[in-house]
Amino acid sequence: MTAPTPSPHVLMPGTYPEWDMAPLRSQYTLHRLWEAPDRQAFIAEHAPNIRAVATRGELGANAELIAALPALELIACYGVGTDGIDLAACRARGIRVTNTPDVLNGDVADLAVGLTLALQRRIPAGDAFVRSGAWANGGMPLTTRVFGQRIGISGFGRIGSAIARRLSGFDVELGYFSRTPKADSPHLHFASLTAMADWCDVLIVILPGGEATRGIVNAEVLQALGPAGWLVNVSRGTTVDEGALLQALEEKSIAGAALDVFLNEPRIDPRFAALDNVVLHPHHGSGTEQTRRAMGELVRRNLQAHFGGLPLITPVA
Ligand code: 8YV
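Sequence positions in the sequence shown follow my numbering and run 1144 to 1460.
Put into structure tokens, the structure is as follows:
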């Protein structure tokens, strides 16, 4: 009788929902890094056997972790953003990388529209107004109309296009910022983010994270957006100069911001909580059961493909 093939060893920096953990446990030898009291010792102990890392968008896999895993073949990312993964280090060693694109486009686009409405129509404040009993003393202060505005989408890939499709139903003017115009788009193209910020009433940020976009929404862009301008960020906290944003919000040199992403998540700058002109959301763009089930399935299909010697489903590198 032949000995059973040992299950591949997979390092997990963070957990997945149980509906993913159960099948992963049955197919792989999982190493749960987030439970290790001593990360370095844990990695050193298991590194020789670890062939794959199953990470999440916000956890990534940096060069130090990659270098510590001599047998690493694959990094599977639960999320579309791979800016937390050192792709150069992966390419240098021929380590494959996968992510979970497309299955989360609709959710993130829905949230961008929802945050825009929540911000300008002050929906969270309206809920608090009713709950507090303040309504008995008169009506809620007036808010800001959403339809009829100029909305600029910064980043016009699959999610940015999905945001535009949704907003097209809101009788708004749409513009977008991207390196090159999209030949099939009817919307106004801007090659300059500052120029689009000057044009639009609402600036929605859905650019990829990473060094190329770090702080791209800077003080100049925020000044161009102006005191009647609004910012919605569903991309990465790194795409906005957060110090400049906080100053603009505190000085009301922009009207307000709705943010799903921040620097130093989840321990974000406490200055945000003191502001009345913001809607704050906990990096949950893809955070629906349906989408997270689809993401987990895609991660597991990529792992199975890799260890089965088959083409990867959604390769990045
Ligand atoms: C992740 C994200 O899906 O997809 C991404 O890149 O930023 C998130 O929506 C989520 O953080 C996974 O835990």
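We put the CB at the ideal spot given by N, CA and C, even for glycine.
Who are residue i's beta bridge partners in DSSP?
i	result
Phe1320	Ser1297, Phe1333
Cys1220	Thr1198
Thr1172	His1152
Pro1458	Thr1241
Leu1346	Gly1295, Leu1374
Ile1193	His1152
Ile1228	Ala1204
Within the continuous alpha helix (DSSP H) that includes residue i, where are the two ends?
i	result
Trp1373	Premise fails: Trp1373 lies in the beta strand (DSSP E), 1373-1376, not in any alpha helix (DSSP H).
Gly1461	Nothing about residue 1461 can be read from this structure; the chain reaches only from 1144 to 1460.
Ala1391	1385-1393
Arg1288	Here Arg1288 belongs to no alpha helix (DSSP H), and DSSP marks it neither H nor E.
Pro1267	1266-1275
Leu1208	1206-1210
Leu1368	1362-1368
If you check the beta carbons only, do residue i and residue j fall under 7 Å apart?
i	j	result
Met1438	Val1246	yes
Leu1317	His1330	yes
Arg1379	Gly1352	yes
Val1377	Gly1430	no
Ile1228	Ile1218	yes
Val1422	Ala1261	yes
Ala1211	Ala1184	no
His1426	Glu1408	yes
Gly1157	Leu1202	yes
Phe1272	Phe1290	no
Ser1396	Pro1370	yes
Thr1381	Arg1357	yes
Trp1373	Ala1340	no
Arg1194	Ala1179	no
Ala1460	Arg1293	no
Ala1400	Asn1361	no
Arg1168	Met1155	no
Thr1243	Gln1263	no
Met1283	Gly1303	no
Mind reading off the beta-carbon distance from residue i to residue j? Whole number of angstroms is fine, and I expect it under 8 Å.
i	j	result
Ile1306	Ile1349	6 Å
Thr1259	Val1375	5 Å
Val1223	Gly1200	7 Å
Lys1412	Glu1393	The amino acid at residue 1412 is misidentified as Lys; the sequence shows Asp. Their Cβ separation, rounded to whole angstroms, is 11 Å, which puts Asp1412 and Glu1393 out of contact at 8 Å.
His1449	Glu1216	7 Å
Val1256	Leu1310	6 Å
His1424	Leu1389	About 17 Å separates the two Cβ atoms, so there is no contact after all.
Can you tell me where the beta strand (DSSP E) with residue i in it begins and where it stops?
i	result
Thr1259	Note, Thr1259: premise wrong, no beta strand (DSSP E); alpha helix (DSSP H) at 1248-1263.
Val1421	1421-1423
Ala1400	1399-1402
Restricting to Cα atoms, I'd like to know which of the options is closest to residue i.
i	options	result
Ala1391	Ala1219, Gln1366, Ile1218	Gln1366
Arg1435	Met1164, Leu1402, Ser1150	Met1164
Pro1151	Arg1443, Met1283, Asp1226, Asn1420	Arg1443
Thr1457	Leu1310, His1174, Cys1220	Cys1220
Thr1241	Gly1451, Pro1454, Asn1445, Phe1450	Asn1445
Phe1299	Leu1402, Leu1346, Ala1204	Leu1346
Asp1226	Ser1311, Asn1205, Arg1236, Leu1215	Asn1205
Pro1324	Cys1343, Pro1166, Ile1296	Ile1296
Trp1465	Val1251, Ala1338, Pro1166, Thr1198	No information on residue 1465 is available, as it lies outside the stretch 1144 to 1460 that the chain covers here.
Pro1252	Arg1301, Ser1275, Gln1447, Tyr1319	The amino acid occupying residue 1252 in the given sequence is Ala; Pro does not appear at that position. If we check each option's Cα against that of Ala1252, Arg1301 comes out closest.
Thr1172	Thr1148, Asp1181, Gly1281	Thr1148
Ile1359	Trp1342, Thr1337, Gly1451, Ala1417	Thr1337
Leu1368	Cys1343, Ala1279, Gln1433, Glu1432	Cys1343
Cβ of residue i less than 7 Å from any chain B Cβ?
i	result
Phe1290	The structure shown contains no chain B; it holds only a single protein chain.
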